[in-house]
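Okay, so here's the structure we're looking at.
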């Protein structure tokens, strides 16, 4: 199985755990939640599921080979502005690019005026995890940092449907 994680959504994702999604279906909007340093959509693909209660896995200090053993390059899934327009592919981190003290697990999708741009499902599959804005941030709004949800922030993890073939889309 492959697990597609899209992170740093502006708000709580528009899908929930258990939903079935098709490639190109709207799943949320671009933001900068979590430990993000700016507006973008982080997209990575993990080869195996992580602990079901949290799909956050940090790879700080991991070697490039260790990251490559658990993740695959999402580039083939980025087509026709799905999951998001990627006008500036060199402005964010790329797959396995050295970022701070680790090899980056996925790709940062960037474009012009990214805030609120739609993010679409890159595959057909089942939503196995979502993380939305905390109730505290929703209550206190403007007095709290945009980065209230640490780590990946607002995100969706989609388990790819067995037999899904991106080359046929």
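In my numbering, the protein residues as written are 10 to 178. Positions of the beta carbon are idealized from the N, C-alpha and C atoms, including for glycine. These numbers come from a predicted model, not from an experiment.
Partner residues in the beta bridge of residue 51, as assigned by DSSP, are 16 and 117. In this chain, the alpha helix (DSSP H) harbouring residue 79 covers 73 to 79.
Rounded to whole angstroms, the separation of the alpha carbons of residue 32 and residue 44 is 27 Å. When the five nearest sequence neighbours on each side are left out, the beta carbons in the same chain lying within less than 8 Å of the beta carbon of residue 72 are those of 112, in order along the chain. By the C-beta criterion, the segment 96 to 107 is judged not to be in contact with the segment 15 to 29, since fewer than 3 inter-stretch pairs fall below 8 Å. Around the beta-carbon of residue 37, 16 or more other beta-carbon atoms lie within 10 Å, marking it buried. The alpha carbon of residue 93 has as its nearest neighbour, out of 34, 160 and 10, the alpha carbon of 34.
Shown here for residue 170: same chain residues with a beta carbon closer than 8 Å to its own, the five before and five after excluded, namely 132, 133, 134 and 135 in chain order.
As a beta-bridge residue in DSSP terms, residue 135 pairs with 29 and 168. Close CB contacts of residue 77 within its chain, under the 8 Å cut and outside five residues either way in sequence, are with 105 and 112 (chain order). In the DSSP assignment, residue 98 falls outside any beta strand (DSSP E) and carries neither an H nor an E.
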